[in-house]
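Oh and the sequence shown: position 92 is 92 in full-length UniProt numbering, straight run, nothing missing. Worksheet: the structure to be examined is printed underneath.
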Amino acid sequence: MINIAPSQLPAFASRLAEEGPCAVPLAEHVLLTGIGRWRADRIVLPRTVGVSCAGHVLLRGVPDGLTPEELAPWAGSYIDASARFLPLLCTAFDRLTPWERMVWTQQAEPQRYSLPRGVTVRRLGPADAHALTALGPDAAWLTASWGGPRGLAASGHCWAALSRAGRVLAVACTYFRGTRYEEVAAFTTPDHRRHRLALACVAALSADIASRGHTPSWNCSVHHRASRLLAWTAGFRLVREYVHYAVGDPVARGGHAEGRAA
1 MINIAPSQLP AFASRLAEEG PCAVPLAEHV LLTGIGRWRA DRIVLPRTVG
51 VSCAGHVLLR GVPDGLTPEE LAPWAGSYID ASARFLPLLC TAFDRLTPWE
101 RMVWTQQAEP QRYSLPRGVT VRRLGPADAH ALTALGPDAA WLTASWGGPR
151 GLAASGHCWA ALSRAGRVLA VACTYFRGTR YEEVAAFTTP DHRRHRLALA
201 CVAALSADIA SRGHTPSWNC SVHHRASRLL AWTAGFRLVR EYVHYAVGDP
251 VARGGHAEGR AA
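Right, here's the structure in full:
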């Protein structure tokens, strides 16, 4: 597969729009921010297109003609693909684990919450990059879709609950930004969970998203009870379930395997 510009595939982009809040935010986020990559089997009348960002891959089309080596750059990713790709994925990677997912959209008002004394919720800006960095490796996934803490802080799409000392206690951000849907993600430091700080951040971010005329969406594992509970209390309701696949390392062929490159 070859790297392409999204503008080269207008028909494919239009087709993605029909899939709603599951596929569209990721693909449009790469288009709007330039973070991530679009790939296709060929430029003219492509049969297969893949969009990747922050370890997530959206793979659409047909696997005919693709080789396992062409999928190697997506090693270690979560791949959203139809069942027709499964034989190829099994051949390409040494591990393929199905992961049941749930997609929600905000359809109700968030439940009420109160902030602890000394805690404020506000939009983060470029000067707050260091506070996001201080969250450490456990929160690295949260900033990956914006290229890291500096990119997320400067994006204008991040709200946080902060202590008087300026420490980030909880944060919610637009993880993938689309033109209709914005996928929301949240993180709370372990020592400040169960205080509804994430709910306060999600509520503030969701109101901000709605003010742009967009719809907040949520994507989580079926088995992630805490994420499902937060989504529900923030007014999100289930609209779709699907499966994506966690893949391992490329299967070595002829003594050589291509490493991850996306």
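Where is the CB? At the ideal position from N, CA and C, for every residue including glycine.
Should R39 and P63 be called a contact, given that it needs their Cβ atoms to be closer than 9 Å?
-> For R39 and P63, no; Cβs fall outside 9 Å.
Beta-carbon spacing of D138, V168 below 9 Å | No, they are not a contact pair.
Flag this pair as yes or no: are the beta carbons of P21 and T105 separated by less than 9 Å?
-> It is a contact, given that the beta carbons lie within the stated cut-off.
Give the single residue among R225, G50, L26 whose Cα lies nearest to the Cα of I2.
-> Among R225, G50, L26, the Cα nearest to that of I2 is on G50.
Proximity winner among F187, G147, Y175, relative to L162 (alpha-carbon distances) | Per the Cα distances, F187.
Specify the secondary structure class of V49 as computed by DSSP and reduced to three states.
-> Taken through DSSP and simplified to helix, strand or coil, V49 comes out as strand.
Any heavy atom of the ligand HEM closer than 8 Å to the CB of W141?
-> Absence of the ligand HEM is noted for the structure shown, with no ligands found whatsoever.
Report buried or exposed for T48, applying the criterion of at least 16 other Cβ atoms within 10 angstroms of its Cβ.
-> Label assigned to T48: buried.
Return the Cβ separation of A203 and P110 in integer angstroms, given the expectation that the two are a contact with Cβ distance under 8 Å.
-> Indeed they touch by this definition, with Cβ atoms about 4 Å apart.
Ordered along the chain, which non-local residues of its own chain (more than five positions away) have a Cβ less than 6 Å from that of T33?
-> Nothing meets the Cβ criterion.
Return the bridge partner residues of D80 from the DSSP annotation.
-> Answer by DSSP bridge pairing, in chain order: L58.
Kindly identify the DSSP beta-bridge partner or partners of S217.
-> S217 is bridged to T105, E183.
For the alpha helix (DSSP H) holding R150, just list the boundary residues, first then last.
-> Annotation for R150: the continuous alpha helix (DSSP H) segment containing it runs 149-155.
Output the distance between the C-alpha atoms of R222 and T67, rounded to the nearest integer angstrom.
-> Just to set this straight, residue 222 is Val in the shown sequence, not Arg. Roughly 32 Å between the two C-alpha positions.
According to DSSP, which residues form a beta bridge with A161?
-> Per DSSP, the beta-bridge partners of A161 are V121, A170.
Among all the DSSP beta bridges, which residues are the ones paired with L238?
-> L238 is bridged to W104.
Beta strand (DSSP E) segment containing R228, residue limits = Residue range 225-233 is occupied by the alpha helix (DSSP H) that includes R228, with no beta strand (DSSP E) assigned at that position.
Over what stretch of residues does the beta strand (DSSP E) that includes A40 continue unbroken?
-> Following the DSSP letters along the chain, one finds A40 inside the beta strand (DSSP E) bounded by residues 37-40.
Which partner residues of I4 appear in the DSSP bridge assignment?
-> Bridge partners of I4: W38.
Assigned secondary structure, A246 (DSSP; H/G/I helix, E/B strand, else coil) | Under the three-state reduction of DSSP output, A246 falls in the strand class.
Is I4 buried or exposed, if buried means 16 or more other CB atoms sit within 10 Å of its CB?
-> It is buried - the Cβ of I4 has at least 16 other Cβ atoms within 10 Å.
According to DSSP, which residues form a beta bridge with P98?
-> Looking at the DSSP assignment, P98 forms a beta bridge with Y245.
Assuming Y175 and S145 form a contact by the criterion Cβ under 8 Å, report the distance between their Cβ atoms to the nearest whole angstrom.
-> Sure, about 5 Å apart at Cβ, within 8 Å.
Going straight from the alpha carbon of P98 to that of H56, what length do you get?
-> Computed Cα separation, rounded: 14 Å.
Does the distance from the CB of A172 to the CB of A160 come in under 9 Å?
-> Contact check for A172 against A160 passes: the beta carbons are separated by less than 9 Å.
What is the C-beta distance between F93 and G235, in whole angstroms, given that I count them as a contact (C-beta under 8 Å)?
-> For F93 against G235, the beta-carbon gap comes to about 38 Å, at or over 8 Å, which does not count as contact.
Return the chain-ordered list of same chain residues with a C-beta closer than 7 Å to the C-beta of H192, the five sequence neighbours on each side being excluded.
-> Taken in chain order, the residues that qualify are L169, A170.
Go ahead and pull the three-state DSSP assignment for residue 278.
-> Nothing about residue 278 can be reported from this structure: the residues present for the chain run from 1 to 262 only.
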